[in-house]
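Report on the structure given below.
Number of protein chains: 4
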Amino acid sequence: MPNDRSPDPARRSERAHTAILAATRELIMTMGYDAMTIEAIASAAGVGKQTIYRWWPSKAAVVLDMWVPDVEQQLAFPDTGDVAADFTTQIRAMMELSQDPLFGPSLRALIAEAQHDQALAQKLLDRIFAPRAEQGKERLRAAQQARQVRGDVDLDVAMDLLYGGFYRRFLLRIAPVTADYPKAVVDAALAGLMRRRTRR
Amino acid sequence: MPNDRSPDPARRSERAHTAILAATRELIMTMGYDAMTIEAIASAAGVGKQTIYRWWPSKAAVVLDMWVPDVEQQLAFPDTGDVAADFTTQIRAMMELSQDPLFGPSLRALIAEAQHDQALAQKLLDRIFAPRAEQGKERLRAAQQARQVRGDVDLDVAMDLLYGGFYRRFLLRIAPVTADYPKAVVDAALAGLMRRRTRR
Amino acid sequence: MPNDRSPDPARRSERAHTAILAATRELIMTMGYDAMTIEAIASAAGVGKQTIYRWWPSKAAVVLDMWVPDVEQQLAFPDTGDVAADFTTQIRAMMELSQDPLFGPSLRALIAEAQHDQALAQKLLDRIFAPRAEQGKERLRAAQQARQVRGDVDLDVAMDLLYGGFYRRFLLRIAPVTADYPKAVVDAALAGLMRRRTRR
Amino acid sequence: MPNDRSPDPARRSERAHTAILAATRELIMTMGYDAMTIEAIASAAGVGKQTIYRWWPSKAAVVLDMWVPDVEQQLAFPDTGDVAADFTTQIRAMMELSQDPLFGPSLRALIAEAQHDQALAQKLLDRIFAPRAEQGKERLRAAQQARQVRGDVDLDVAMDLLYGGFYRRFLLRIAPVTADYPKAVVDAALAGLMRRRTRR
DNA sequence: ATTTAACCGAGACGGTACGTCTAGTCTTGAT
DNA sequence: ATCAAGACTAGACGTACCGTCTCGGTTAAAT
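Here the protein sequences line up with chains A, B, C and D, keeping their order.
Following the working numbering, the numbering of the first sequence begins with 5 at its first residue and continues without gaps.
Following the working numbering, the numbering of the second sequence begins with 5 at its first residue and continues without gaps.
Following the working numbering, the numbering of the third sequence begins with 5 at its first residue and continues without gaps.
Following the working numbering, the numbering of the fourth sequence begins with 5 at its first residue and continues without gaps.
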């Protein structure tokens, strides 16, 4: 368990802060998330361990901080008027992120760690997953108003249909996320699985 | 990685084997998966650590072995002729499993551990996830032949639609898996999100 | 080694100075010399750590400063004309000091620390031990002139005989310094151990 | 604070044990007692830190164990029939020990550490100081029976006279222990400080 | 009266070692 | 040969202090 009492953020050393984030980025690429220890970060950043423990509760929290700006920028949500295309684009961006040697493995590791770290789970949710879901739902609402999407669908369930498969494949490794996957899943989610009666 | 050389399974002590699995079950309930160490299992089972390392590569593998029979039995796939009802039943079973104090937390932990343990990932896939997916796809194939489900859907994508949401909610904790969720997601997946042109 | 450059004693804060000494006295009684850290003194005195480091090189030096006036006053050397009685008095005073809950434990601690801190050793010597020895030797010189003590004895060796036992018992804990010890050791030192030939 | 529960000495690794003592001896010479850490000993001995903590409560205890055989052998007490000569020899041996670069500094350090470590103090007493004192007193008893030493002297006080000065000089550094010191102090202790009335 | 230089309280910083913990391997004696 | 037991090497953990270093705020002398 970290931290004694809350330190004063006003007196935080900018140099140490950025050195830690830079070293973290470096070490994830070099040795991988799992092999990277807090001691290694401290040593690589030229920083005392306490300085890390003072500001972050865990290795995962450091990685998350190092991460979030890039991820946010890379997952900007488009609105071209074509719902299918927009979600395909978004899922493709998620796929690309998951294949980046910096982000992919450590996203996996962060989600893994969040399974036994409530605080981290909350942070991941607030900073990564929830904003993405919110954007997606917003896009669907627009599509509902444009009468492209049914008005009675539960938007959370819709997000499950559109995004759930990505996480299932990414985390369970039950199938690879291939280049044509984004379009396939979006089309299927929009069209549904059921056979329609032929129109007479 | 453990194990000396492959031991002789014929000489394996049945007493030790069952004691280990029983102690594992006990300790997961008592102290939780994460706090449970291999040393604790050995001690609780009255067994040498080496005996565990001899037959399993990791704590997770022990848990998986202890688990699989129960899970298989609890996730039997029904075929009542009603596709929607069958998948709803199946997802509801997954939900219940995930809320069981023995299975839920350790399923999470196992998936977490599989993120940095290829061998475990493979084992989980082969013994838990893939069989479930295969049953689901089989059921869909039957539904296709009954002309209930479209013949052109990619069955893997269909599984993503139906099951992906569960994992997304379970692992990302982005929303709880409530009692009415299984039906909602199945209905949405079957119907699709898109608005249909009114039939004239 | 502390201190930047020598600070200006004229501008020293009297308030901080006395607060530090008072807190030190307090904390030694409360938590004992060893558990007391410079951080604790600073905090208890409501003073910055730097203010301590500015004026003292070590925790031991602070304690010594807090100490010396009391010790000096308590170890005043008497001259009643009776050498034996005077040294007995002096050693008894040392004994009492060593049993005082403030001085005893921290005298031990200071001597201990002086074993690996040359500067402290010198300071202890100059301010505590050497003055005491000088007084003792002075008293012996007077006794020599009064033809009570042999003129050929090495006064430093004499001090070893008279005082050495006290430190041996105090530091090695080889035997307690009891109430009758001072007289016993003084008598023995004066008389010597050797058997005299009976005068004819 | 060390050790959980007492380990089984029968299963102790002889290799690790001797490697630790050898590394300790080596490091004291190399870097000095104070700079030597338990981590350094472990690393130099090719041993886990836990193995040291399992068998010894502190660095000092390791040094003591490494030490005692040599010290015992070097401080064998002679009996030549000449009390003065015998004690002179013994004190000279103590002096030489105290000037040995292996033993001197670490004897100082051990005594220092014993000031705040009761268990160590007891161990030092039992294994180093008390046996020496016992030998000295035994020698004095023999001298008493040979009617060389007065029958009424308290032998503990006699030991203070003979040995106390050594520790006073060694620990307080109030004066060096020179080559002629042993004889001087023994002579003075035997003869006493008091002036005798001239025999008529 | 204002400037200016020091000390002051506070506490973040780079370090180092601590003693604990767990992993996975190795050793021993009993079955 | 397998087993229970547990000592072993290895090394990260999070903590505690060390002594140094800002940072504003407050004196007190020098202007």
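Built from N, CA and C at the ideal position, the CB exists for glycine as well.
Beta-carbon separation (whole angstroms), residue i vs residue j, contact threshold 8 angstroms
{"i": "L176 (chain C)", "j": "F133 (chain D)", "result": "5 angstroms"}
{"i": "G140 (chain D)", "j": "Y167 (chain D)", "result": "7 angstroms"}
{"i": "Y171 (chain C)", "j": "Y171 (chain D)", "result": "6 angstroms"}
{"i": "Q78 (chain C)", "j": "A97 (chain C)", "result": "6 angstroms"}
{"i": "R173 (chain A)", "j": "D164 (chain B)", "result": "7 angstroms"}
{"i": "V75 (chain B)", "j": "L101 (chain B)", "result": "7 angstroms"}
Rounded straight-line distance, which links the Cα of residue j to that of residue i
{"i": "R154 (chain D)", "j": "A46 (chain C)", "result": "57 angstroms"}
{"i": "N7 (chain D)", "j": "Q54 (chain D)", "result": "In this prediction, N7 (chain D) has a pLDDT of 36, which is less than 50 and means its spatial position is unreliable; nothing more can be read from the coordinates."}
{"i": "M33 (chain D)", "j": "Q119 (chain C)", "result": "17 angstroms"}
{"i": "G52 (chain C)", "j": "S10 (chain C)", "result": "18 angstroms"}
{"i": "A80 (chain C)", "j": "R19 (chain A)", "result": "58 angstroms"}
{"i": "A64 (chain D)", "j": "A23 (chain A)", "result": "40 angstroms"}
{"i": "Q122 (chain B)", "j": "L194 (chain A)", "result": "34 angstroms"}
{"i": "R112 (chain C)", "j": "R136 (chain D)", "result": "23 angstroms"}
{"i": "Q126 (chain B)", "j": "D104 (chain B)", "result": "24 angstroms"}
{"i": "A48 (chain D)", "j": "R16 (chain D)", "result": "19 angstroms"}
{"i": "I42 (chain D)", "j": "L128 (chain A)", "result": "41 angstroms"}
{"i": "M5 (chain C)", "j": "L124 (chain B)", "result": "Confidence at M5 (chain C) is low in this model, with a pLDDT of 32, below 50, so the placement of that residue should be treated as unreliable; the coordinate-derived value is given next. Using only the alpha carbons, I get a separation of about 54 angstroms."}
{"i": "M40 (chain A)", "j": "V66 (chain A)", "result": "12 angstroms"}
{"i": "T182 (chain C)", "j": "S110 (chain D)", "result": "30 angstroms"}
{"i": "R204 (chain C)", "j": "M198 (chain D)", "result": "Since pLDDT at R204 (chain C) reaches only 48, below the 50 mark, its modelled position is unreliable, and no value is offered."}
{"i": "S62 (chain B)", "j": "G50 (chain B)", "result": "18 angstroms"}
{"i": "E30 (chain D)", "j": "D69 (chain D)", "result": "14 angstroms"}
{"i": "D191 (chain D)", "j": "A88 (chain D)", "result": "7 angstroms"}
{"i": "V116 (chain B)", "j": "R200 (chain A)", "result": "It is worth fixing the name first, because residue 116 (chain B) is Ala in this sequence and not Val. Using only the alpha carbons, I get a separation of about 40 angstroms."}
{"i": "T84 (chain B)", "j": "A147 (chain B)", "result": "11 angstroms"}
{"i": "V189 (chain B)", "j": "G169 (chain B)", "result": "8 angstroms"}
{"i": "A72 (chain D)", "j": "L25 (chain D)", "result": "In the sequence on display, residue 72 (chain D) carries Val and not Ala. V72 (chain D) and L25 (chain D): Cα-Cα distance of roughly 11 angstroms."}
{"i": "I178 (chain D)", "j": "A44 (chain B)", "result": "58 angstroms"}
{"i": "K187 (chain C)", "j": "M35 (chain C)", "result": "34 angstroms"}
{"i": "Q152 (chain C)", "j": "A162 (chain C)", "result": "14 angstroms"}
{"i": "Y57 (chain B)", "j": "T28 (chain B)", "result": "14 angstroms"}
{"i": "G108 (chain D)", "j": "A14 (chain C)", "result": "43 angstroms"}
{"i": "D12 (chain C)", "j": "D130 (chain C)", "result": "24 angstroms"}
7 angstroms Cβ cut-off: residues of chain C touching residue i
{"i": "D86 (chain D)", "result": "Under the 7 angstroms cutoff, chain C gives no residues; its nearest Cβ is about 12 angstroms from D86 (chain D)."}
{"i": "A137 (chain D)", "result": "I178"}
Alpha helix (DSSP H) segment containing residue i, residue limits
{"i": "T92 (chain B)", "result": "87-103"}
{"i": "R136 (chain D)", "result": "134-149"}
{"i": "S110 (chain B)", "result": "107-118"}
{"i": "Y185 (chain C)", "result": "185-195"}
{"i": "D69 (chain A)", "result": "63-78"}
{"i": "A171 (chain D)", "result": "One point to set straight first is that residue 171 (chain D) is Tyr, not Ala, in the sequence displayed. Element bounds for Y171 (chain D): 159-176."}
{"i": "L129 (chain C)", "result": "From DSSP, L129 (chain C) is part of no alpha helix (DSSP H); its letter is neither H nor E."}
{"i": "S47 (chain D)", "result": "42-49"}
{"i": "Y37 (chain A)", "result": "Here Y37 (chain A) belongs to no alpha helix (DSSP H), and DSSP marks it neither H nor E."}
{"i": "T55 (chain D)", "result": "53-59"}
Beta-carbon neighbours of residue i, restricted to chain A and to distances below 9 angstroms
{"i": "A192 (chain B)", "result": "V157, D158, V161, A162, D164, L165, A193, G196"}
Contact list for residue i against chain B, beta-carbon separation under 9 angstroms
{"i": "H120 (chain A)", "result": "G36, Y37, D38, P109, R112, A113, A116"}
Under 8 angstroms from the C-beta of residue i: neighbouring residues of chain A
{"i": "Q152 (chain B)", "result": "M198, R199"}
{"i": "L129 (chain B)", "result": "L176, R177, I178"}
{"i": "V189 (chain B)", "result": "V161, D164, L165"}
Interface residues of chain D facing residue i [CB-CB closer than 8 angstroms]
{"i": "F133 (chain C)", "result": "L176, I178"}
Per-residue contacts from residue i into chain B (C-beta, under 7 angstroms)
{"i": "R172 (chain A)", "result": "D164, Y167, G168, Y171"}
Neighbouring residues, chain A, relative to residue i (Cβ below 7 angstroms)
{"i": "A125 (chain B)", "result": "R177"}
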